[in-house]
Amino acid sequence: MHGKKLLDLVRESLHLKHYSIRTEEAYVNWIKRYILFHNKTHPSKLSETHIRQYLSHLAIKQKVAASTQNQAFNALIYLYKHVLKIELGELDDIERAKRRRKIPVVFSPAEAKNVLSNMSGINKLTASLLYGTGMRLMECVRLRVKDIDFSNNRIIVRDGKGGKDRITILPEIFSRRDGYAKHRSRQPIYK
């Protein structure tokens with residue numbers, strides 16, 4: 042490992058593969074917790090059995106959500122495959138936690154209108170965009186005026202989840218520039 046610490050190697054590898062900062066932080070955290078769980082034993086000295094023990098501990102003792110357990114599992118797979126370059130034979134048969142699919146609870150149009158009518162300024166603009174476009178919060182925060190295509194009633198969402206760009210509809214209230222200007226504040230949108 043040429044003197045570099047394992048977690049630094051993980052960070053470097055994730056960075057070189059253009060993983061997001063949040064994924065990098067999460068993976069490093071899970072790997073650190075895995076090492077601590079096994080009394081600071083270097084992962085190269087651990088086996089599939091140790092991975093199973095750790096994932097079971099997360100599910101049974103810590104009662105983490107399925108998505109959390111899967112994130113920890115993905116971090117460990119990444120560690121062994123891309124950083125340590127160790128082939129783990131029997132990981133395919135590890136039972137992956139299944140996420141229960143729930144239908145999301147959303148406002149009715151009347152409820153949304155009521156909530157938005159009690160807002161003003163940048164809060165109303167942000168909430169209207171989030172509700173009307175389906176954008177995630179960070180996508181909305183990073184939105185630039187040049188990403189709004191008024192002539193085609195669409196918004197280009199740049200660098201969304203997974204680093205991907207996508208297109209979404211521009212809500213009717215914003216479809217004309219003057220409608221957008223009505224909701225704009227003269228102050229910077231986000232400080």
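Be aware that the sequence shown starts at 42, since it is given in the working numbering, and climbs by one per residue. All C-beta atoms, glycine included, are put in the ideal place defined by N, C-alpha and C. The model shown is predicted, which means the values in this text are computed figures rather than measured ones.
- By the neighbour-count definition (other C-beta atoms within 10 Å, threshold 16), residue 101 is an exposed residue.
- Closest by C-alpha distance to residue 53, out of 105, 205, 163 and 124, is 124.
- Distance from the Cα of residue 86 is smallest, within the candidate group 112, 59, 129 and 51, for 129.
- In the three-state reduction of the DSSP assignment, residue 200 falls in the coil class.
- Note on the stretch 84–145: there is no whole beta strand (DSSP E) run with a minimum of 3 residues.
- For residue 207, the enclosing beta strand (DSSP E) stretches over residues 207–210.
- When the five nearest sequence neighbours on each side are left out, the beta carbons in the same chain lying within less than 6 Å of the beta carbon of residue 189 are those of 196, in order along the chain.
- Between the alpha carbons of residue 45 and residue 55 lies a gap of roughly 15 Å.
- Rounded to the nearest angstrom, the Cβ distance from residue 116 to residue 67 is 7 Å, consistent with a contact under 8 Å.
- The three-state secondary structure of residue 63, taken from DSSP, is helix.
- Nearest neighbour of residue 211 by Cα position, chosen from 198, 78 and 204, turns out to be 198.
- For residue 78, the CB contacts under 6 Å within the same chain, skipping 5 residues up- and downstream, are 95 in chain order.
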